[in-house]
Amino acid sequence: MTAPKTAYDYGECEMCDARLEERYIHQDFWIKGQLVVIENVPAGCCPQCGAKVVNAETGVHIAGLIGNAEQIAKAPRLAVPLLHYQTAK
Ligand SMILES: [Zn+2]
Numbered sequence: 138m139t140a141p142k143t144a145y146d147y148g149e150c151e152m153c154d155a156r157l158e159e160r161y162i163h164q165d166f167w168i169k170g171q172l173v174v175i176e177n178v179p180a181g182c183c184p185q186c187g188a189k190v191v192n193a194e195t196g197v198h199i200a201g202l203i204g205n206a207e208q209i210a211k212a213p214r215l216a217v218p219l220l221h222y223q224t225a226k
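Under this note's numbering, the first residue of the sequence shown carries the number 138, and numbering increases by one thereafter.
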């Protein structure tokens, strides 16, 4: 176990001014038609409206992850339910 880092202060929600709380979220991205999910992303989450923000350091780290095509190619695959907005007739 590594020592817990000092929680980052995300400040207040831009939408509703509630205090943002740090949570670990799943962040999803569509990259070239492919859904990529990053687990355990530290983010400031608004308990009122659900807005999520990441700090600059996290943003840079995410950019590095999703920019690494080789790593994406080697990552484990996830089967996800895919629904069609319009029901088939
Ligand atoms: Zn909010």
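The beta carbon of each residue, even a glycine, is placed where N, CA and C say it ideally should be.
Note that the structure is a prediction, hence the values are computed from the model and not measured.
Residue burial classification, residue i (beta-carbon count within 10 angstroms, cutoff 16)
| i | result |
| --- | --- |
| Gly-187 | exposed |
| Ala-200 | exposed |
| Cys-183 | buried |
| Cys-153 | exposed |
| Leu-172 | exposed |
| Gly-196 | exposed |
Residue i Cβ short of 7 angstroms to ligand 1 heavy atom set
| i | result |
| --- | --- |
| Ala-188 | yes |
| Ala-155 | yes |
| Gln-223 | no |
Are there three or more Cβ pairs, one per stretch, closer than 8 angstroms when the region 184 to 201 is compared with the region 210 to 218? Flag = no, the region 184 to 201 and the region 210 to 218 do not touch.
Enumerate, from N- to C-terminal direction, the unbroken alpha helix (DSSP H) stretches of 4 or more residues contained entirely within the region 181 to 226. As far as the region 181 to 226 is concerned, its whole alpha helix (DSSP H) runs of at least 4 residues are 193 to 203, 206 to 211.
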